[in-house]
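Enquirer:
4 protein chains.
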Amino acid sequence: MSPRPDVSEERKSQILDAAIAVFARLGFHQARMDDIAQEAGLSKGALYLYYKSKDTIIAAILKYLFTQEMKVLHSFVATEQPGSVRTQLEQLTQQLAEAMNWMSRLMPIAFEFYAIAGRQKEVHQFLKEYFKEYRADIARLIQRGIDRGEFRAVNPQAVAITLTALYEGLALLFFVDPQAVQWSEQITTSTRLLLDGLASQPPSPQ
Amino acid sequence: MSPRPDVSEERKSQILDAAIAVFARLGFHQARMDDIAQEAGLSKGALYLYYKSKDTIIAAILKYLFTQEMKVLHSFVATEQPGSVRTQLEQLTQQLAEAMNWMSRLMPIAFEFYAIAGRQKEVHQFLKEYFKEYRADIARLIQRGIDRGEFRAVNPQAVAITLTALYEGLALLFFVDPQAVQWSEQITTSTRLLLDGLASQPPSPQ
Amino acid sequence: MSPRPDVSEERKSQILDAAIAVFARLGFHQARMDDIAQEAGLSKGALYLYYKSKDTIIAAILKYLFTQEMKVLHSFVATEQPGSVRTQLEQLTQQLAEAMNWMSRLMPIAFEFYAIAGRQKEVHQFLKEYFKEYRADIARLIQRGIDRGEFRAVNPQAVAITLTALYEGLALLFFVDPQAVQWSEQITTSTRLLLDGLASQPPSPQ
Amino acid sequence: MSPRPDVSEERKSQILDAAIAVFARLGFHQARMDDIAQEAGLSKGALYLYYKSKDTIIAAILKYLFTQEMKVLHSFVATEQPGSVRTQLEQLTQQLAEAMNWMSRLMPIAFEFYAIAGRQKEVHQFLKEYFKEYRADIARLIQRGIDRGEFRAVNPQAVAITLTALYEGLALLFFVDPQAVQWSEQITTSTRLLLDGLASQPPSPQ
DNA sequence: AATGAATGAGTTTTCATTCAT
DNA sequence: CATGAATGAAAACTCATTCAT
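Right, here's the structure in full:
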């Protein structure tokens, strides 16, 4: 009676991947459990062995996607990198640029979550935490820049909000018009523009 | 004798208003035609006298909302204002700040449209045009600033994208966490930060 | 105060004509009261001034159409014509042939009534009477032929049924395939074939 | 282990039978999917597992019924029977007489199809083919009779049309008034009457 | 008499979920 | 574990009928 290896986790992420693909393509509502099952190469019944309901799958996606996203930023900020903070931020934007292909496909899912946040407490709470952490990480970077004398004594929180907003906004604009908004160039340009405003030498007397 | 006045237009906007309220509260999918009818104080059948289908209502909302939005910006940029462009932009952000209450309630609808844009050509095209115009208006302002010597010789398009992205992103962040992201202050701060980077005196040698 | 002429009857037949046209085109169910109103050049409300309901209109059509049909036959049989009965029958088929254009358009209506007869007592009863009268008229003709020695001593009822069935069946076949079933020729041929079987000289020893 | 047997075909005919019963009773329009489901002992949803829509069921019935009908005639005509053609035709009428009970219940359905043929190309085309084949089969019999010298040199096509029309017409008359139109006797009488007209010894000089 | 805006009951169809095998 | 046939609640949409004008 050799214990069979637990395929449970494997199945769950197999389903999750399928669901993400299908939801991205069709939206939460238009996507049928059948579609997900087919995409996952499983039967419809099997889905219910691993997830209690469609909503449970959606909830799992919420967690998975944004956690994934956060990991990237986290691991970047965690280790104190050499080089100027400005350089680091530019490297971060570089990474974001590279992740864009993947992210772009998932944006419809993200937008649906944003929409849902307006009516579902739990989704709302989760996203709130997500963005809070996101801003906190960015703020830490900014603070580092201030500490090192690279940046003026700005409010790191405010700058973090600004940068986070910038990333999100650019992602939207790119999603809607990839031709007009060359993501990888634009994120660099935009970030640089902002960093110019942060530089320790104030650009002009206020 | 007295010809009954044409209530058609009145009904249509009555329904539109109701639909916006209901969709914002429940989302496109969860909202039933009955809900809209009730909110409008009409019968379900009456809805179909003025809109062919639920989708037609949604399409009408798309046009209405974003056109409304655009009008504000348009009328602002159209008339060449006295005072520095920087001041004008700060005034614009002020206006945006004031419009936030109204906009905030509609954001779930906007997000659903962004999500839908991924799968519906027409929605996609419409939003593309919207953002294009939006950026063009902003770019015009920036160009004015460059012409007047207020700003460095930056690429107005790139700055317009940056500002538009910033507004959109901030709206999202505010929507998710109004406590942490004080909209009216933050939009001012963020814009100022960016404008600092534009000032004609370059902040520091690169 | 000259009494206005009663337009009531005029309106009723105006509506009936319109309804017949629409029902023939669309069928009882698919035809909307709106369609009838439009065809009649009246408002939907006006229909209800003259007919209590859609079903009432349908009932009126039932009576109108088949009574109309019966009149033709009746007036033909009523007056004792000169010439042989065989000739008379051939003249009758001639008349039927000429009426075919008009009838052809109405056949879908007739078929719907036949179908409805299976579930609505009143329709059933009406059609039963109609066909009874129809057969009786034909039987009278046949009897005349027997009396005159033109025909064998057949059962006039049975022959009447046969002829009536023949007319109805040919109408169906013509309706379905006018190309293959040349109505005016075929009804002549078929009738002649039958009359041959009736002729007083038995065709062959049995 | 035991693979579940494919119930698909069984279910389809189970539904078809139920639908035929319900449609015959209520008509295509008045019959609700719920009625069919109940008659079939299935849920409404199950119906849609096997038929895409109500119309699909109706289309299936069209094919089923008339194909069934045709099979009877076909198998009769296919094998060259011994005995005179006249006898064969009388046997055929005998068969039709026996099938009448079954047919009688289905006549409302047939009439609805005839009515629909006026507006639906596909139904029209199908019935056209059906009657074409029907006539062709009968014509073959008649031709056989001519070849054998039983019948005069009539036009087999015309006679086939006549006989087909006779059968259809008699079915209608019987459906409307079974009391007055004793089907099994009448079809025999009518057919005989016609055959008399066909006999090789012309009844009278024309 | 006539209109046509408004009503709401009624029907088809979809699809998440269950459960016998 | 896995399947997929079956369920039935839910919702968009239609249209005969009404009635205020």
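From first to last, the protein sequence lines stand for chains A, B, C and D. Counting in full-length UniProt numbering, the first sequence runs from 1 upward without gaps. Counting in full-length UniProt numbering, the second sequence runs from 1 upward without gaps. Counting in full-length UniProt numbering, the third sequence runs from 1 upward without gaps. Counting in full-length UniProt numbering, the fourth sequence runs from 1 upward without gaps. Yeah, the Cβ is synthetic: ideal placement off N, Cα and C, and Gly gets one too. Please read all numbers here as calculations on a predicted model, not as lab measurements.
#1: Report the neighbours of ALA160/C on chain D: residues whose CB is nearer than 8 Å to its CB, in chain order.
#2: Could you pull out every residue in the same chain whose Cβ sits closer than 6 Å to the Cβ of ALA31/D, ignoring the five residues on either side in sequence?
#3: Please confirm whether LEU47/A and MET70/A have their CB atoms less than 7 Å apart.
#4: Say whether the region 86-98 of chain D touches the region 48-63 of chain D, bearing in mind that this needs 3 or more beta-carbon pairs closer than 8 Å, one atom from each stretch.
#5: Who are the near neighbours of LEU73/B in its chain, counting only those whose CB is closer than 6 Å to its CB and skipping five residues on each side?
#6: Whose C-alpha, out of GLU168/B, VAL176/B, ILE58/B, is nearest the C-alpha of ASP17/B?
#7: What number of angstroms, rounded off, separates the C-alpha of residue 212/D from the C-alpha of GLY145/D?
#8: For GLU185/D and LEU198/C, I'd like the C-alpha separation in whole angstroms.
#9: Short of 7 Å Cβ to Cβ, which residues in the region 177-193 of chain C face chain D?
#10: What residue range does the alpha helix (DSSP H) around LEU198/B cover?
#11: If you count every other CB in all the chains shown that lies within 10 Å of the CB of VAL7/C, and 16 or more means buried, which is it?
#12: Going along the chain, which unbroken runs of the alpha helix (DSSP H) with 4 or more residues stay wholly within the UniProt domain "HTH tetR-type" (9-69) of chain C?
#13: What does ALA117/D touch in chain C if you count any residue whose Cβ is under 7 Å from its own?
#14: Suppose you measure from the CA of ALA165/D to the CA of LEU163/C; what does that come to, to the nearest Å?
#15: PRO203/D to VAL181/C, Cα distance in whole Å?
#16: Can you round the beta-carbon distance between ALA117/D and VAL176/C to whole angstroms, since I take them to be within the 8 Å contact cut?
#17: Quick check on the DSSP output: the alpha helix (DSSP H) that includes PHE151/B runs from which residue to which?
#18: Report the neighbours of PHE131/B on chain A: residues whose CB is nearer than 9 Å to its CB, in chain order.
#19: Please name the residue in GLU9/C, ILE15/C, HIS29/C, ASP196/C whose C-alpha comes closest to that of GLU112/C.
#20: Using 8 Å for Cβ pairs, my map puts ILE15/A next to ILE61/A. What's the rounded Cβ distance?
#21: Less than 7 Å separating the beta-carbons of LEU170/A and ILE187/A?
#22: Along the chain, where does the alpha helix (DSSP H) that runs through VAL85/A open and close?
#23: Once you ignore the five residues that flank GLU80/D on each side, which residues in its own chain have a CB closer than 8 Å to its CB?
#24: When the Cα of GLU133/D is compared with those of LEU195/D, GLN157/D, ALA115/D, which residue comes out closest?
#25: Within 7 Å (strictly less), CB to CB, does ALA165/D reach chain C?
#26: Identify whether THR162/A lies in helix, strand or coil by the three-state DSSP scheme.
#27: If you run the structure through DSSP and keep just helix, strand and coil, what is SER2/B?
#28: Heavy atom of the ligand GTP less than 6 Å from the Cβ of VAL22/A, yes or no?
#29: With distances taken between CB atoms, is the gap from VAL77/C to ARG119/C smaller than 7 Å?
#30: Report the neighbours of PRO108/C on chain D: residues whose CB is nearer than 9 Å to its CB, in chain order.
#31: Pull up the distance between the alpha-carbon of SER84/C and that of GLU90/C, whole angstroms please.
#32: Find out if the Cβ-Cβ distance for the pair TYR167/C, PHE66/C is shorter than 7 Å.
#33: Between the Cα of ALA115/C and those of LEU127/C, THR191/C, ASN101/C, spot the shortest distance and give me the residue it belongs to.
#34: Hey, out of ALA37/C, ARG86/C, LYS12/C, TRP183/C, whose CA is closest to TRP102/C's CA?
#35: In whole angstroms, what separates the C-alpha of GLN125/D from that of LYS44/D?
#36: Determine the DSSP secondary structure at GLU168/C, reduced to helix, strand or coil.
Expert: By the coordinates alone:
#1: The contacting residues do not exist; ALA160/C stays about 10 Å from chain D at best.
#2: VAL22, PHE23
#3: no
#4: no
#5: Counting only Cβ-Cβ distances below 6 Å, and skipping sequence neighbours, we find ASP137.
#6: ILE58/B
#7: As shown, chain D starts at 1 and ends at 206. That puts residue 212/D outside it, with no answer to give.
#8: 18 Å
#9: ASP177, ALA180, VAL181, GLN186, THR189, SER190, LEU193
#10: 183-198
#11: Under the 10 Å beta carbon count, VAL7/C is surrounded by fewer than 16 other beta carbons and is classified as exposed.
#12: 33-40, 44-50
#13: VAL176
#14: When the Cα atoms are used, ALA165/D and LEU163/C turn out to be separated by approximately 10 Å.
#15: Unreliable placement is indicated for PRO203/D, whose pLDDT of 44 sits below 50; the coordinate value is still reported in the next sentence. The alpha-carbon separation between PRO203/D and VAL181/C amounts to approximately 26 Å.
#16: 6 Å
#17: Per DSSP, PHE151/B belongs to no alpha helix (DSSP H) and is neither H nor E.
#18: LEU172, LEU173, VAL176, ASP177, ALA180, VAL181
#19: HIS29/C
#20: About 10 Å; that fails the 8 Å criterion.
#21: yes
#22: 85-117
#23: Once the five neighbours on either side are set aside, the close Cβ partners of GLU80/D are ARG144.
#24: GLN157/D
#25: yes
#26: helix
#27: Interpretation of SER2/B is limited by its pLDDT of 49, a score under 50 that renders its predicted location unreliable; no figure is taken from the coordinates.
#28: Here there are no bound small molecules, and the ligand GTP is not part of this structure.
#29: no
#30: TYR114, ALA115, ILE116, ALA117, GLY118, ARG119
#31: Roughly 10 Å between the two C-alpha positions.
#32: no
#33: LEU127/C
#34: TRP183/C
#35: 31 Å
#36: helix
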